[in-house]
Amino acid sequence: MRKISILLLGLIFFWGCSDVHFIQDNAVRAKISNRFEKRKEFASNRSNELFSVFQENITNEEKEALQFLYAYMPLCDLADYNGDFFLKQVRSSFEARESFEWGKKVPDELFRHFVLPYRVNNENLDSARWVFLKELKPRLKGMSMKEAVLEVNHWCHEKVNYAPTDIRTSGPLSIVRTSWGRCGEESTFTVTALRSVGIPARQVYTPRWAHSDDNHAWVEVWADGKWSYLGACEPEPDLNMGWFTEPARRAMLVHTKVFGDFEGDYEVVKRSDNFTEINVVENYADVKKIYVQVVDQSGNSVENAKVDFGLYNYAEFYPIASKNTDSDGISFLTTGLGDLLIWAGKEGEYAGRKISVKQTDTLCLELGRGFYGEQIADLNMVPPVEQDPYSVDESKKKQNDIRLSCEDSIRMQYRTTFIDSITACKLADEKSLDAGMIWNSFKKSQGNWKEIQKFIESTSEGNGAIAVAVDLLNLIADKDLRDTRSEILEDHLSNTIGKYKLEDYSSKELYLKYVLNPRISNEWLIAYRGYLQKAFQDKFTGERSEIVEQIKQWILDEIQITEEENYYNLPITPKGVYELRISNAESRDVFFVALCRSLGIPSRLEPAEKTPQYFDGKEWLNIYFEKQIVNQPITGFVMLNKTAKDFDPAYYMHFTIGKMIDGVYESLDYGWDSKLSDLPSKLELEAGKYRLVTGKRGVDGTVYAHLNHFEVFKNQTTKIDLIFRDPKVESKILGHLDINLKVFNDNGESVSLKSLEKQDAIVLMWLEPGKEPTRHLMEEFKDIRKRYQEWNGNIVVLQAEEISDENLTDAFFANMPSNYKLYKDKNNELIIQAKKELRITGKVEKPLLLVLHSNGDIQFASRGYKIGIHEHLLKILEK
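Mind the numbering: the sequence shown is residues 2 to 880 in our numbering, read in order.
Structure follows, in structure tokens:
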């Protein structure tokens, strides 16, 4: 009887739990359920892979959580991952909620939108959530929520620090293996870690800085009832601290993309069926809400006109936000107190005007008016003013710096486990391979070296396979070497050399780059080759051109195209496209190339226009899936005349050309940082309206822009001068340092600043190794090193007391010009005096750069990192 009672109680408990709702609001639950059913129908081609999980023994909470994820997930996730994977994500998030004291304090809506979602941005997904939870759970035991947030970021810093890399975002576990990533990868990794322990977190970013040609991403976290921010993998003594604090106070927009239909109390920048983009700039900067009213030429309000809020950045007016007008012709944006170029358009009619946000409440734009200014116009684009840094508790900062140094040691110790050159060369000898080439691949593979080793060791030495394996490693991107498993490489190698021979192709390059090579665009590499060969076995017949036509027709018949559903712009893998039969155009084109290569047909995306192509034996031929305009475009010519003699202007840095398309100027793509000397001086362009934008940025961030609106006519040449306005260089003295002050070399010997002076000036630099601003500055030395050496003065890097010797390695100075010297600033004597002279009351934001005249006058000062800082500094030195 007692056993029966216990059994009944257990069943009652189970039934009670199974009725627990994950989504408490009935209306929200019904909305999500309805959308889930539609998505289920939408993704029916992968029904078993995605939805059979609902037939498993899952609770009601798990079911509703899964339905929420499916209702809003992007196309790439529906195509490339399975239901079991998503169920593990749900169960891991629920385990985190139950494991920590703060789990019960997180409101349902915040948990749903900022803990449960497995995706942060456009990263490749992996099992990081449950791996991180297992490692972090004992470490966070007994901590408060805020303490846990700070501790997680310290853990992240042990694993990862900053280094620039390409645009593909590796998954969190790959970042751990590598031990470094760019800011977008660091913030994705940190948000994943925080969510893995049940703490609401989101990646926020400024699409463009106002004061600098760059952008940045960081992390916001909800702790103890409020949102705060932190630098990803850059722990500080407290929340709401980071090297980017002062730049963020000058931001014009800071936003984040929230998974699902979010109804929080925020200004919405963009709302779609799958996500909600919200504006959080008022968390950082002094802001103002500006209104834009759009009217027609009769003064009537224009509904659904598109309004672009354009911020000058990288020599174009980048729309930090695009919003449509309401029924009263009104649109608005809460933004920082800088300058914008507001542009409105509808049905080919347009109008645009430059404004100062600080001086503007409502702007009225009349469609058809065009640019409110002269055809050739000078504009000063002024960013929000720089503010003094917040003060910081120096004792806490010192304690934190000690801990950071320890964490750097942990990370560096991990890096010592990577394969060394001796072991790599030994493997090369065993396989009779070029030792230099093998070591190069291993060195780039970082923490993924065991997968590369496994691939090389498992490859047969017969039939030249091992040599082709090395060719394959040289073909793929550096990041591929860091996050691609051996079985993926094996799939592409064995299913190429086992079926298609080098001698059947006109050149080795054609065979390697356009048949063997699995890397097509910026998609995640998977083992798709054997899969596609099996799926299409004996399906296509005939000559190469006939097979390509059959492939094209199959894609047109079978693959549905949608651009809205893949809202993270993450390419779908070729296998995912085949299974789901729904794709965006970019992923479809990648699929075409992948299928052609899998069937031995040389194929690629054309380097400039990214049009899919195949090689017919004589030439590359385009494949168009959309109807093309058969009429030959009417063209004319533009002759660009460089008037500046002192520098070589670069595209997307100093100038751009925009073509008027449907009422908006869209920048032509001539490649990032292409010099004018690299471009044809005479450009052939379609007839139409254009705008040339040139600009130089001053030390305070103000851009001295020049606009030239011009037109290209059929068979005529339009001559355009590239005019650059020089920023105002302040000649006032900013302060004075005693030129007889001493600095100390490694041997403890002292020298005076006076003895180091050459060229009537000296450059002083205080750097902060390991921090992102300093890393950016050091990276930019690479392209400007020669001009510093030609100046031939001394660049004195001053080691502050808190910077340890082990952080100032040869690798750290690798990009520096040869005329730099390293000295110690003993007791921080120099920087303390510099703070006083420059009236810096808070912490010194590094890197701190000074130009000191031979008499000790401070001619130039810069705090923190700014794109183009070397240009400003050299302008002072070369006068």
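The beta carbon of each residue, even a glycine, is placed where N, CA and C say it ideally should be.
Check: Val150 beta carbon less than 8 Å from that of Ile200; Outcome: yes
Check: Cβ neighbour criterion (16 or more within 10 Å) applied to Asp362; Outcome: exposed
Check: Residue from Glu769, Asn808, Asn816 with nearest C-alpha to Gln790; Outcome: Asn816
Check: Beta bridge counterpart(s) of Gln204 as assigned by DSSP; Outcome: Val220
Check: Buried or exposed by the 16-neighbour rule on C-beta atoms within 10 Å, applied to Glu547; Outcome: exposed
Check: Cβ neighbour criterion (16 or more within 10 Å) applied to Pro173; Outcome: buried
Check: Whole-Å CB distance - Val293 paired with Ala345, under 8 Å assumed; Outcome: 7 Å
Check: Limits of the alpha helix (DSSP H) - the one that Asn808 falls within; Outcome: Where Asn808 is concerned, there is no enclosing alpha helix (DSSP H), given that its DSSP letter is neither H nor E.
Check: Residues bridged to Ile662 [DSSP beta-bridge criterion]; Outcome: Val665
Check: Ala352 classed as buried or exposed, judged by whether at least 16 other C-beta atoms fall within 10 angstroms; Outcome: buried
Check: Buried/exposed call for Val222, threshold 16 Cβ in 10 Å; Outcome: buried
Check: Reference Val121; option with closest CA among Lys258, Leu137, Asp430; Outcome: Lys258
Check: Contact the stretch 640-657 vs the stretch 695-714: 3+ CB pairs below 8 Å; Outcome: yes
Check: Beta-bridge partners of His710, as assigned by DSSP; Outcome: Arg692
Check: Separation of Leu312 from Val282, as counted between CA atoms; Outcome: 15 Å
Check: Buried versus exposed call for Ala31 [16 or more other C-beta atoms within 10 Å across all chains shown]; Outcome: exposed
Check: Own chain partners of Leu533 with C-beta closer than 6 Å, once the 5 adjacent residues on each side are dropped; Outcome: Leu596, Ser599
Check: Proximity below 8 Å, CB of Ser442 to CB of Ser459; Outcome: no
Check: Residues near Lys822 by beta carbon distance below 8 Å, same chain, minus five either side; Outcome: Leu757, Asn795, Ile796, Val797, Val798
Check: Member of Phe711, Tyr824, Gly330 whose CA lies at the smallest distance from the CA of Glu375; Outcome: Phe711
Check: Classification of Leu517 by the beta-carbon crowding that lies within 10 angstroms, buried from 16 upward; Outcome: buried
Check: Simplified DSSP state of Asp440, which is helix, strand or coil; Outcome: Going by the sequence as given, residue 440 is Trp instead of Asp. In the structure shown, Trp440 sits in a helix (DSSP, three-state: H, G or I).
Check: Residue from Phe725, Trp450, Glu63 whose Cα sits closest to the Cα of Glu96; Outcome: Glu63
Check: Rounded C-alpha distance that separates Ser881 from Ala466; Outcome: Examination of residue 881 is not possible in this model, given that the chain is present from 2 through 880 alone.
Check: Inter-residue spacing [alpha-carbon to alpha-carbon] between Phe456 and Ser422; Outcome: 17 Å
Check: Cβ-based burial, Leu9 [other Cβ within 10 Å; buried from 16]; Outcome: Only weak support is given to the placement of Leu9: the predicted model assigns it a pLDDT of 44, under 50, and the value that follows is read from those uncertain coordinates. So Leu9 ends up on the exposed side.
Check: Residues near Gln25 in its chain [Cβ-Cβ closer than 7 Å; skip 5 each side]; Outcome: Asp109
Check: Inter-stretch contact (C-beta, 8 Å, three-pair minimum) for the stretch 294-302 and the stretch 230-247; Outcome: no
Check: Spatially closest choice to Lys553 from Leu341, Arg589, Pro572, by CA coordinates; Outcome: Arg589
Check: For His854, the three-state DSSP class (helix, strand or coil); Outcome: strand
Check: Exposed unless 16 or more other CB atoms sit within 10 angstroms - verdict on Thr718; Outcome: exposed
Check: Every unbroken beta strand (DSSP E) within the stretch 314-365, with a cutoff of 3 residues, ordered by chain; Outcome: 317-325, 331-337, 340-347, 350-357
Check: Three-way DSSP call (helix, strand, coil) for Leu606 in this model; Outcome: strand
Check: Asn642, enclosing beta strand (DSSP E) - first and last residue; Outcome: 636-643
Check: As assigned by DSSP and simplified to three states, the class of Gln860; Outcome: strand
Check: Ala80: first and last residue of the uninterrupted alpha helix (DSSP H) it sits in; Outcome: 76-81
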